[in-house]
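Trainee: Under our numbering, the residue at position 87 of the sequence shown is numbered 681, and the numbers go up by one with no gaps. Glycine included, C-beta positions come from ideal geometry on N, C-alpha and C.
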Amino acid sequence: QIVTNNEAEFSISGNFALAIGVDEDHAFFTSEMEFNATTGEMEIAFGDIEIMEQVNVTKVNCQNPEISCTWLVTFVSHNDGPISHFEPLNSGLLGSVTVDMLVRGEEARSITGFP
595 QIVTNNEAEF SISGNFALAI GVDEDHAFFT SEMEFNATTG EMEIAFGDIE
645 IMEQVNVTKV NCQNPEISCT WLVTFVSHND GPISHFEPLN SGLLGSVTVD
695 MLVRGEEARS ITGFP
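This is the structure in structure tokens:
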């Protein structure tokens, strides 16, 4: 879950990026995203990361993106182990962005047998 929030009386504006990886020493970075990025723009930013194969993004609670906006991000498949490092980079954002990992995924495993 990625959430932008305004601070004090001003509106959110600008852009931000995210650091993602298996740990802090092996992080990859998204391209810059606007504070009101569409789901497609955010999926493209994640898709630019070499370890990402498929990412689904849903935008919720974003009736007024100048005040607050939330994106739910699901890493459907990637090729570098479980994601454990997910950090916002607020360099060009007037406001703040926070990241919360709501559900930690598991390593892929094969299943066998018949129902």
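Which one or two residues does DSSP pair with residue 624 in a beta bridge?
Mentor: Bridge partners of residue 624: none, in fact.
Trainee: Excluding five sequence neighbours on each side, which residues of the same chain lie with their C-beta closer than 8 Å to the C-beta of residue 670?
Mentor: For residue 670, where only same-chain residues beyond five positions count, the Cβ hits under 8 Å are 647, 648, 649, 650.
Trainee: Less than 8 Å separating the beta-carbons of residue 634 and residue 679?
Mentor: Their beta carbons are not under 8 Å apart, which means residue 634 does not touch residue 679 by this criterion.
Trainee: Are the beta-carbon atoms belonging to residue 688 and residue 604 less than 8 Å from one another?
Mentor: Cβ distance < 8 Å, so residue 688 and residue 604 count as in contact.
Trainee: Give the secondary structure of residue 566 by DSSP, where H, G and I count as helix, E and B as strand, and everything else as coil.
Mentor: With the chain represented from 595 up to 709, any question about residue 566 goes unanswered, as that position is not in the structure.
Trainee: The beta strand (DSSP E) spanning residue 692 covers which residue range?
Mentor: That run of the beta strand (DSSP E) goes 690-693.
Trainee: Quick one: residues in its chain with C-beta nearer than 6 Å to the C-beta of residue 656, no 5 flanking neighbours on either side, listed in chain order?
Mentor: Excluding residues within five positions, the ones whose Cβ falls inside 6 Å are 663.
Trainee: Identify the continuous alpha helix (DSSP H) that holds residue 577 and give its terminal residues.
Mentor: With the chain represented from 595 up to 709, any question about residue 577 goes unanswered, as that position is not in the structure.
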